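First residue of the sequence shown: 0, per numbering that gives the first Met the number 0; consecutive thereafter.
The beta-carbon is built from N, C-alpha and C at its ideal position, and this holds for glycine as well.
Quantities reported herein were computed from a predicted structural model and do not represent experimental measurements.
Heads up, the thing below is written out as structure tokens.
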Amino acid sequence: MSDTLVKQHSYSGDEPMRRGFYLLAAVLGLSVLAIGSYLVLAAYFLRTEAAQTPERAQFFASSIDDALTRLEHLPYVLSIDESTLDALITGDPDALNPILADIARRAGAEFVYVLDLKGKTVASSNYRDADSLVGNYYTFRPYFRDAVAGGAGRFYAVGVTTGRPGYFIAEPVRDAVGTIHGVVTVKIGFNDLSRALSGNGELVMVADEQGVILASSDPDLIYGYLSPLSDIDRRTLEEQQQFGDKILFPLDWTPESERRARLDGTAYVWTKAYLEEEDWSLHLLSEVRNSRRQALLYVAGGLMTLLILTVAASVYRAAQLRNALAISNADRQRLTREIEERRSAEKKLETARSELAQKEQLAALGQLSASITHELGQPISAMRNYLVAEEIAANAQPNALWPQLSGLVDRMQRIVDQLRLFGRTSASGETRFPVEETVHAAVHLVQHTARDAGTTLNVNLPETACVVRGRPERFEQVIVNLLRNAIDATNDVEDPIVTLSMYHQDDTVTLIVSDNGHGLGDLDIEDLSKPFFSTKPSGKGMGLGLAISGQIINEMGGTLHARDNEDAGAEFVISLPKAEIADA
0 MSDTLVKQHS YSGDEPMRRG FYLLAAVLGL SVLAIGSYLV LAAYFLRTEA
50 AQTPERAQFF ASSIDDALTR LEHLPYVLSI DESTLDALIT GDPDALNPIL
100 ADIARRAGAE FVYVLDLKGK TVASSNYRDA DSLVGNYYTF RPYFRDAVAG
150 GAGRFYAVGV TTGRPGYFIA EPVRDAVGTI HGVVTVKIGF NDLSRALSGN
200 GELVMVADEQ GVILASSDPD LIYGYLSPLS DIDRRTLEEQ QQFGDKILFP
250 LDWTPESERR ARLDGTAYVW TKAYLEEEDW SLHLLSEVRN SRRQALLYVA
300 GGLMTLLILT VAASVYRAAQ LRNALAISNA DRQRLTREIE ERRSAEKKLE
350 TARSELAQKE QLAALGQLSA SITHELGQPI SAMRNYLVAE EIAANAQPNA
400 LWPQLSGLVD RMQRIVDQLR LFGRTSASGE TRFPVEETVH AAVHLVQHTA
450 RDAGTTLNVN LPETACVVRG RPERFEQVIV NLLRNAIDAT NDVEDPIVTL
500 SMYHQDDTVT LIVSDNGHGL GDLDIEDLSK PFFSTKPSGK GMGLGLAISG
550 QIINEMGGTL HARDNEDAGA EFVISLPKAE IADA
């Protein structure tokens with residue numbers, strides 16, 4: 000038996016280790032799968048990118064060729080125009096300037112201008128501008144020298160006057176016998192070309208034969224060079240002023256293979272294409288990390304899908320377990336409800352028994368008090384009359400002859416009055432009556448008691464009348480009892496005050512009797528409403544007043560509550576339904 004227990008204990012201890020081993024193996028296997036998938040996908044996307052980029056690079060090269068050649072006919076057309084030759088022969092460009100301005104505007108050329116054989120600009124499309132080309136010399140430009148020599152000149156340069164890059168196309172102006180009198184030049188702006196390249200979302204660079212970047216989708220790369228410039232190239236650039244005052248700078252460019260290169264430390268898939276019109280090259284660069292990022296997204300998507308499937312399976316498994324638990328717990332829950340219902344029924348039965356016993360006790364006390372008041376009422380009245388007659392005969396003050404006997408008779412009379420109040424039944428039935436009149440009658444009955452005790456009695460009643468249903472004389476007993484209790488509670492307080500307030504809201508009438516006495520302490524209305532329970536000294540009461548008052552208010556359909564004031568004393572709150580609500 001002990002061997003069996005030892006084996007079971009060993010098995011239970013190995014189970015968590017086995018689950019941990021399985022979990023670790025699953026995590027390692029999933030990691031290896033994810034890494035392998037990432038490497039395979041990254042290589043696939045790189046190959047795909049490398050296969051697609053040549054077509055895009057050739058497309059960009061063709062687009063740039065089209066942009067460079069779209070106005071190549073314009074210089075020739077202007078060179079054979081008679082107005083161009085007349086302006087060069089006569090030296091009067093006034094008629095030619097507006098024509099050149101209109102042609103430049105319609106053709107979308109940056110500038111159209113005419114040079115004489117000395118390289119001086121005699122007419123220009125921007126003749127009205129502050130940076131007009133008129134009067135400037137451009138003999139140092141290769142396109143001018145090529146055109147004067149009788150050929151077509153083409154050249155990229157940064158404008159000496161404007162500082163803006165452009166592509167210049169020039170044609171010689173000949174007369175009828177073929178004599179050259181000047182050169183017509185058209186400048187195509189390069190800024191628009193760079194902006195067009197930047198809109199495709201890829202990194203594109205256009206480099207000249209020296210490797211200087213002429214246009215790029217990234218403006219920060221323009222005027223950078225891919226390879227170091229030789230001294231001869233630098234002297235040529237300075238003589239031709241090809242880049243004006245622009246500063247050339249080396250790029251952090253490192254070719255790694257025919258299809259891979261690094262620029263500013265970033266790895267790219269590199270595709271190179273050549274332009275037909277110029278000895279320029281176009282470089283299309285696609286970031287390697289884009290392919291890696293795409294592969295990473297695919298792997299992350301696969302892992303997320305696997306995670307979702309795992310969570311879904313777990314949720315399904317948990318749902319099955321919950322259903323099984325719900326079925327297995329059905330009997331227990333039903334038994335729990337039955338136990339709670341039985342306890343609730345027993346509690347209600349105990350409450351009903353307690354209320355019935357209290358009512359029976361009150362009924363018995365009512366009968367007993369009626370008998371006692373009937374038997375003692377007349378002897379006490381006879382004793383009081385005898386004492387009063389003796390005091391009158393002796394011409395003495397009230398209660399002066401036999402004060403102890405007079406006090407004893409008064410005490411017996413108070414006891415009988417409370418017993419009479421408890422056993423009294425009204426001969427009249429329920430009726431509608433104004434609360435204010437009953438309250439005034441009750442206040443009138445206790446005014447002398449308050450005055451003798453030195454207590455200030457404040458009464459605050461609303462101006463509008465409030466009507467309730469019940470027996471007014473019994474309700475008056477309640478108000479008298481509460482006011483007298485409040486007066487008794489303040490008999491040893493400095494500046495005693497008792498306040499009776501009434502207000503009505505919606506369908507309820509509320510009366511509050513408050514005092515500045517010592518409060519209720521740890522007692523509540525249930526304790527105070529028990530028959531023969533009293534906080535007064537012996538001989539000051541029998542503890543039946545609140546029990547009777549609570550019964551009367553319940554018969555009227557209202558409630559009686561008691562609580563301590565925030566500052567000092569206690570307050571008793573009566574809530575009664577208005578007569579219309581009571582009738583309903």
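| Item | Value |
| --- | --- |
| Closest to residue 241 by C-alpha separation, out of 317, 142, 448 and 511, would be which residue? | 142 |
| Straight-line CA distance for residue 566 to residue 472? | 33 Å |
| Tell me whether residue 447 sits in a helix, a strand or coil according to DSSP, three-state version. | helix |
| Relative to the C-alpha of residue 222, which candidate in 235, 244 and 202 has its C-alpha closest? | 244 |
| For a minimum of 3 consecutive residues, which ranges assigned as the beta strand (DSSP E) are wholly contained in the segment 239–308? | 252–254, 259–262, 265–273 and 280–286 |
| Report the residue ranges of all beta strand (DSSP E) runs contained in full by the segment 183–222; include only those spanning at least 3 residues, in chain order. | 202–206 and 212–215 |
| Does residue 126 come out as helix, strand or coil in the three-state DSSP assignment? | coil |
| From residue 265 to residue 60, what distance separates their C-alpha atoms? | 24 Å |
| Does DSSP put residue 161 in a helix, a strand or coil? | coil |
| Near residue 466, what residues of its chain come up, given a Cβ to Cβ distance below 6 Å and the 5 sequence neighbours on each side ignored? | 431, 433 and 578 |
| Would you call the CB atoms of residue 511 and residue 570 closer than 7 Å? | yes |
| With 16 other CB atoms within 10 Å as the buried threshold, where does residue 513 fall? | buried |
| Could you tell me whether the Cβ atoms of residue 488 and residue 516 are closer together than 7 Å? | yes |
| Output the distance between the C-alpha atoms of residue 559 and residue 498, rounded to the nearest integer angstrom. | 17 Å |
| Out of 332, 79, 30 and 572, which has the shortest C-alpha to C-alpha gap to residue 178? | 79 |
| Contact between the segment 206–222 and the segment 268–283 is defined here as three or more beta-carbon pairs at a separation below 8 Å; is this criterion met? | yes |
| List the endpoints of the continuous beta strand (DSSP E) containing residue 109. | No beta strand (DSSP E) holds residue 109; DSSP gives it neither H nor E. |
| Can you tell me which of 439, 501 and 455 puts its alpha carbon nearest to the alpha carbon of residue 479? | 439 |
| Name the DSSP bridge partner or partners of residue 171? | 182 |
| Determine the closest residue to residue 98 out of 449, 124 and 35, with distance taken between C-alpha atoms. | 124 |
| In or out: residue 170 buried (at least 16 other Cβ within 10 Å) or exposed? | buried |
| Grab the span of the beta strand (DSSP E) containing residue 561 for me, first residue to last. | 558–563 |
| Please classify residue 484: is it buried, with 16 or more other beta-carbons within 10 angstroms of its beta-carbon, or exposed? | buried |
| Since residue 433 sits in a beta bridge, which residues does DSSP pair it with? | 466 |
| Near residue 552, which residues of its chain fall below 7 Å by C-beta distance, leaving aside the five closest residues on each side in sequence? | 477, 558, 559 and 573 |
| Quick one: what does DSSP say residue 344 is sitting in, helix, strand or coil? | helix |
| Do you know offhand how far residue 563's Cα is from residue 500's? | 16 Å |
| Quick one: using the 10 Å Cβ neighbour count with 16 as the cut-off for buried, is residue 397 buried or exposed? | exposed |
| Residue 571 bridges to which residues according to DSSP? | 512 and 561 |
| Can you give me the C-alpha to C-alpha distance between residue 24 and residue 316, rounded to a whole angstrom? | 22 Å |
| Within this structure, are the beta carbons of residue 82 and residue 73 separated by less than 7 Å? | no |
| Whose C-beta lies closer than 7 Å to the C-beta of residue 537 among residues of the same chain, with five residues either side of it excluded? | The predicted position of residue 537 is uncertain, since its pLDDT is 46 and thus under 50; no value can be drawn from it. |
| Do you know whose CA, among 429, 451 and 456, lies nearest residue 442's CA? | 456 |
| Could you compute how far the alpha carbon of residue 426 sits from the alpha carbon of residue 556? | In this predicted model, residue 426 has a pLDDT of only 47, less than 50, meaning its place in the structure is not dependable; the value taken from the coordinates is given anyway. Whole-angstrom Cα-Cα distance: 20 Å. |
| From what residue to what residue does the alpha helix (DSSP H) around residue 478 run? | 471–488 |
| Within 10 angstroms of the Cβ of residue 347, are there 16 or more other Cβ atoms? Answer buried if so, exposed if not. | exposed |
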